[in-house]
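A.B. asks: Here the protein sequences come in this chain order: H, A and P.
Heads up, the first sequence is in our numbering, so the first residue is 516 and it goes up one at a time.
Heads up, the second sequence is in our numbering, so the first residue is 6 and it goes up one at a time.
Heads up, the third sequence is in our numbering, so the first residue is 16 and it goes up one at a time.
Backbone N, C-alpha and C define an ideal beta-carbon position, used for all residues, glycine too.
Fair warning: this is a prediction, and the values are worked out from it, not measured in the lab.
Just dropping this structure here.
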Amino acid sequence: MTTESIATINQEESLSYRRVFMLILKRDLTIALRHRDDVFNPILFFIIVVTLFPLSIGPESNTLARIAPGVIWVAAVLSTLLSLDRLFKSDHADGSLEQLLLSPYPTFVIVQAKIIAHWLLTGVPLIFIAPVLALLLNLNQNAYGVLMLTLFIGTPVLSFIGAIGVALTVGIKKGGVLLSLLVLPLYIPLLIFATSAIDTATMNLPYGGQIAIIAALFFGAFSLSPFAIGAALRVSTN
Amino acid sequence: MWKWLHPYANPEVTYHFNNKLIPWFLRLSVAFLGIGIVWALLFAPADYQQGNSFRIFYLHVPAASLSLGIYVGMAIAALVSLVWQVRLAEASVASIAPVGAVFTAMALITGAAWGRPTWGTWWIWDARLTTELILLFLYLGVIALQNAFEDKALASKAASILALVGVINVPIIKYSVEWWNTLHQGSTVSQLGRPSMTADMFWPFLVCFIGFIFLVSWLVCRRFQTEILQRNAMRPWVRELVMKEGAK
Amino acid sequence: MLSAEGLTCIREERILFDDLNFEIAPGEIVQIEGPNGAGKTSLLRILAGLSQPYEGCVRFEGKKILANREWYNSQLLYIGHTAGVKGEMTAQENLAFNLALHGLDASLAEETLAKVNLYGFEDALASHLSAGQHRRIALAQLWQSKAKLWILDEPFTAIDKKGVKTLEQLLLAHANNGGIVVLTTHQDLHIADDLYRKIALAYRFV
Chain H
516 MTTESIATIN
526 QEESLSYRRV
536 FMLILKRDLT
546 IALRHRDDVF
556 NPILFFIIVV
566 TLFPLSIGPE
576 SNTLARIAPG
586 VIWVAAVLST
596 LLSLDRLFKS
606 DHADGSLEQL
616 LLSPYPTFVI
626 VQAKIIAHWL
636 LTGVPLIFIA
646 PVLALLLNLN
656 QNAYGVLMLT
666 LFIGTPVLSF
676 IGAIGVALTV
686 GIKKGGVLLS
696 LLVLPLYIPL
706 LIFATSAIDT
716 ATMNLPYGGQ
726 IAIIAALFFG
736 AFSLSPFAIG
746 AALRVSTN
Chain A
6 MWKWLHPYAN
16 PEVTYHFNNK
26 LIPWFLRLSV
36 AFLGIGIVWA
46 LLFAPADYQQ
56 GNSFRIFYLH
66 VPAASLSLGI
76 YVGMAIAALV
86 SLVWQVRLAE
96 ASVASIAPVG
106 AVFTAMALIT
116 GAAWGRPTWG
126 TWWIWDARLT
136 TELILLFLYL
146 GVIALQNAFE
156 DKALASKAAS
166 ILALVGVINV
176 PIIKYSVEWW
186 NTLHQGSTVS
196 QLGRPSMTAD
206 MFWPFLVCFI
216 GFIFLVSWLV
226 CRRFQTEILQ
236 RNAMRPWVRE
246 LVMKEGAK
Chain P
16 MLSAEGLTCI
26 REERILFDDL
36 NFEIAPGEIV
46 QIEGPNGAGK
56 TSLLRILAGL
66 SQPYEGCVRF
76 EGKKILANRE
86 WYNSQLLYIG
96 HTAGVKGEMT
106 AQENLAFNLA
116 LHGLDASLAE
126 ETLAKVNLYG
136 FEDALASHLS
146 AGQHRRIALA
156 QLWQSKAKLW
166 ILDEPFTAID
176 KKGVKTLEQL
186 LLAHANNGGI
196 VVLTTHQDLH
206 IADDLYRKIA
216 LAYRFV
C-alpha cells in the first residue's frame, strides 16, 4: 500500500467515525423516544425515591439539608441502574447486537454512541430535576450549581461504568439483580467525591479538587470502558 | 524465555504436576501456621497499649494483605486468559475467587473482633475495613458472574473481564475511601494501622504470614484440580483417571 | 478463500466438532448440513467471527479473522436466525440503518424493499409486520451488499416459494461473480448438484 492510499483511508476513516457515531446515536434516540415508558419510569423512580427519605426520616430541615447530597446522588445511581437494562437487552434479543458487532466500523465508536444516547435520555433529565428535589430537601443555597455540575459530569460515568455490567449480564436470564452487585462497588469513588464536592460547596469552601477528580473519572471511563464493554459484548453474544 | 512453561498449558500435565505440589503445600502450611499461631498467641509479647487483644493482629493483617494480593493474582490470571487465550488461566480465575472472598471475610471478622475491645463497637467505618468490605463485594461479584453462566468457558471469560475492571478500580476505591475517611474522622482516632513492630513481634508475624501463603496455595491448588477435571470432563485422559480411581 | 483449520467447538461441556478442516474457494456455494444439535449454527457463528472456537482458527484470504476484525467484517455479510430488525423502526428505517452500518448507501433502502416484495410496507412499523416480512427486511441487504462472503443461517425460513427461487438466483449470481456463500437450510436447494457442495456435521453422542 502506498502512503497516498493510506492517507486517503485514514481520512475516510476519521470521517466515518463521526458518521457511524451519529448514525447509531440517531437510531438509539429514535427507538427510545418511541418507547416513552422506558424513558419516563426511571425519572419517576428518581423523584419517588428522594421523597421517601423525608417520609421515613422526618421533615426536620437541618437533617434533610445534611443528607440531601447523599440522598440525591444515591437516588440518581439507583435510577440509572434501573434504566441501564434497555441499553443492550432488546438489541440482544432481536439480533441487532450481533449485526452491530459485525459492522466494519470499530466497536468502541458504536458503544460510545449507544451510551451517549442512553445518557441523553436518562442522565440529562436527572440534572434538571435534581435542583427541584434539592429544594424539597432543603439543600443549602450555595450548593445548587455544584449539584448540577457533579451530576453533569458524573451521570455519564454512571452510564459508562454501568454499561460494562450490562454488557456482561445481557445474556443471562434475570441478570438485573446481578447487575447491581457488579456495578455498585464501582460507583463508590464517584459517589464519595460528588457528595463531598456538594458538602464542601455548602460550607463555601473550594470544591475544585473534587470536580477535577470526577472529571478524571469521566475521561477514564469514556476512553477505557468501551474496550471492556466490547469484549464483554462478544462474550455475551458467543 | 517462557518456553519451559509451554508444556504446562496442557491441562493433563498441569494436573499431574499439581498433584505432586498439593501435599507439600499442606505440610508446609500446617507447619508454619502451627508454629506461627502458637508463637503469636501464647509466646509473643502483649502490646503495651492494647494488651492481649492486640494478638488478633497476627491473623488480621495477613488476611487483609492476602485478600488484596489474591485479587491481584486473580487479575493477572484473568489478563493471561484474555490476552493469550490460555484455558488453564480461565480455570484459575474460577479457583482463586472464592479463596480470596473467604480471606476478605476473615479480615473483616478479625477486624471487627479487634475493634470490639479497642473501641467498644463491633464495626467502625475506618478506611481499611471499608475498603475490605468493598473488596468483598468485588469478589462476590466475580463469583456470582461466574455462576450465572451455564457454559464454563464463557463464564470464566466474563469473570476475567470483571476481574480486570475491578483491579483497575481497586486503587481508585482504596484512595477515595481513605480520603473519605479523613473527611469524616470521628473524635477517636480509629486506625487499624500497623504499629511499629519490635523484633519479637515481627518474627511470629512473618511465620504466620508465610503459613497463610502456603494455606492459600494449597486451597487454590485443590480447587484448581477440581476445575481442571470439570472443564476437561469429556477428554479421554479424565475418563481413564476416573476409571482408575473408581477401580480402587 | 475461506479456510477452517483445526476447529474445535465445545458448548456446555459437549464437543460439537473436533479438529474440523476445510477450504472454500471463491465462486463456491457450500451447504453445512447435519441433524439438529450437530453444531451447524455454532460453526457458522465461528466462521463469522461471532463465537470463538475452543481450538483452531479461521482464515480468510490467508489472514486470521479474529486478528483482523474490521477488515474481515467489511468482507462479510452474516444473517443469522434472528432477523436483527427493531420493532420500533419502520421497515425502511431498519433497512436504511443496516445498509449504512455496512458502509452502503442508505438511500437505496426504498427501492431495495420493492425487490423483496415489501413495496408499500416501507413506512410500516416492524412490530406490525410478520416474521416472514422481518426476514425479508434482513435479506434485503443481500441485494446491495458488496461483501465477498455471505454466511446465511437458514435464510429460507418463512419465505414463500417465489421468494425462495429469487433468493437462490441471487446466491448463484453472487457465486458466479467470485463470491462465497455458506449456508444452512432444512429445505432442498433447487440448484444443480455440481454448483454447490455439502459439508456434513454428525451428531456426536460423546
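(1) So which residues on chain A does Glu-20 (chain P) lean against when the C-beta distance must stay under 8 Å?
(2) Under a CB-based cut-off of 8 Å, is Ala-163 (chain A) close to chain H?
(3) Does DSSP classify Gln-247 (chain P) as helix, strand or coil?
(4) When the distance is taken between beta carbons, is Gln-159 (chain P) closer than 8 Å to Leu-119 (chain P)?
(5) Whole-angstrom Cβ separation of Leu-616 (chain H) and Thr-752 (chain H), contact assumed at under 8 Å?
(6) I'd like the span of the alpha helix (DSSP H) that includes Tyr-93 (chain P), first residue to last.
(7) If you follow the alpha helix (DSSP H) that Glu-613 (chain H) is part of, which residue opens it and which one closes it?
(8) Can you tell which of P:Leu-185, P:Leu-157 and P:Glu-103 has the C-alpha that lies nearest to the C-alpha of His-143 (chain P)?
(9) Could you check what DSSP says for Asn-36 (chain P) in three-state terms: helix, strand or coil?
(10) For the pair the region 82 to 96 of chain P and the region 124 to 138 of chain P, tell me if three or more CB-CB distances fall below 8 Å.
(11) Mind listing the chain H neighbours of Lys-101 (chain P)? Cutoff is C-beta to C-beta under 7 Å, in chain order.
(12) Could you work out which residue in H:Asn-653, H:Glu-613 and H:Leu-599 is closest to Gly-638 (chain H) when comparing CA atoms only?
(13) Can you pull the chain P residues whose beta carbon is under 8 Å from the beta carbon of Ala-238 (chain A), in chain order?
(14) If we call anything under 8 Å between Cβ atoms a contact, is Ala-68 (chain A) one with Ile-233 (chain A)?
(15) Per DSSP, Glu-48 (chain P) forms a beta bridge with which residues?
(16) Starting from Arg-244 (chain A), trace the alpha helix (DSSP H) both ways and give me its first and last residue.
(17) What is the C-beta distance between Gly-42 (chain P) and Gly-193 (chain P), in whole angstroms, given that I count them as a contact (C-beta under 8 Å)?
(18) I'd like to know whether the C-beta of Phe-708 (chain H) is nearer than 8 Å to at least one C-beta of chain A.
(19) Can you find the residues in the same chain that come closer than 8 Å, C-beta to C-beta, to Leu-145 (chain A), ignoring five residues on each side of it along the sequence?
(20) Using 10 angstroms around the beta-carbon of Leu-47 (chain A), count the other beta-carbons present and answer buried if the total reaches 16, otherwise exposed.
(21) If I measure Cβ to Cβ from Ala-99 (chain A) and keep anything under 6 Å in the same chain, skipping five residues before and after, which residues do I get?
(22) Assuming the contact rule is C-beta atoms closer than 8 Å, Lys-55 (chain P) and Asp-609 (chain H) should be a hit. Round their C-beta distance to whole Å, please.
(23) Pull up the DSSP beta-bridge partners for Thr-200 (chain P), would you.
(24) Does chain P have any CB closer than 8 Å to the CB of Arg-542 (chain H)?
(25) Can you look up Thr-97 (chain P) in the DSSP assignment and give me helix, strand or coil?
(26) How about Ile-101 (chain A): is its Cβ closer than 7 Å to a heavy atom in the ligand GDP?
(27) Would the beta-carbon of Val-175 (chain A) fall within 8 Å of that of Ala-102 (chain A)?
(28) Between which two residues does the alpha helix (DSSP H) carrying Ser-18 (chain P) extend?
(29) Quick one: is Ser-89 (chain P) near chain H, going by C-beta distance under 8 Å?
(30) Are the CB atoms of Ala-682 (chain H) and Ile-625 (chain H) nearer to each other than 8 Å?
(31) Per DSSP, Leu-220 (chain A) is paired with what?
(32) Hey, does Glu-255 (chain A) have any beta-carbon neighbour from chain P nearer than 8 Å?
C.D. replies: In brief:
(1) The premise fails here: Glu-20 (chain P) is roughly 15 Å from chain A at the closest Cβ pair, so nothing lies under 8 Å.
(2) yes
(3) Not covered by the structure: residue 247 (chain P). The range shown for chain P is 16 to 221.
(4) yes
(5) 6 Å
(6) Here Tyr-93 (chain P) belongs to no alpha helix (DSSP H); instead the beta strand (DSSP E) covers 91 to 94.
(7) 611 to 616
(8) P:Glu-103
(9) strand
(10) no
(11) Ile-546, Asp-609 and Ser-611
(12) H:Leu-599
(13) Simply Glu-28.
(14) no
(15) P:Ala-215
(16) 241 to 252
(17) 6 Å
(18) Yes, Phe-708 (chain H) lies at the interface with chain A (some Cβ there is under 8 Å from its Cβ).
(19) Ala-106.
(20) exposed
(21) Gln-151, Ser-161 and Glu-232
(22) Incorrect: roughly 21 Å between the Cβ atoms, too far for contact.
(23) The partner list for Thr-200 (chain P) (beta bridge, DSSP) is empty, contrary to what the question assumes.
(24) yes
(25) If DSSP states are grouped into helix, strand and coil, Thr-97 (chain P) belongs with coil.
(26) The ligand GDP is absent from the structure shown, which contains no ligand whatsoever.
(27) no
(28) Note, Ser-18 (chain P): premise wrong, no alpha helix (DSSP H); beta strand (DSSP E) at 17 to 26.
(29) yes
(30) No, the Cβ-Cβ distance between Ala-682 (chain H) and Ile-625 (chain H) is not below 8 Å.
(31) DSSP, once it has assigned bridges, lists no residue as partnering Leu-220 (chain A).
(32) Here chain A has residues from 6 to 253 only, and residue 255 (chain A) is not among them.
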